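Okay, structure first, notes after.
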Amino acid sequence: KRYAIDSDEEGFILYEITDKYEIKNKYRLKL
20 KRYAIDSDEE GFILYEITDK YEIKNKYRLK L
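Okay, so the sequence shown: first residue is 20 according to this note's numbering, each after it adds one.
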């Protein structure tokens, strides 16, 4: 599986992406 991570004012967002770099799932990470 491939993952990408992004951040904003609320914390982090983890994206699970496919081999074609399409977003499969999005997870909000609260720290």
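All C-beta atoms, glycine included, are put in the ideal place defined by N, C-alpha and C. Since this is a predicted model, take the numbers as computed values, not measurements.
Quiz item: Bridge partners of E35, per DSSP?
Solution: Y22 and N44
Quiz item: Going by the beta-carbon positions, is the gap between E35 and K49 smaller than 8 Å?
Solution: no
Quiz item: Since Y22 contacts L33 with CB under 8 Å, what's their CB separation in whole angstroms?
Solution: 6 Å
Self-check item: Sub-8 Å separation of T37 and K45 beta-carbons
Solution: no
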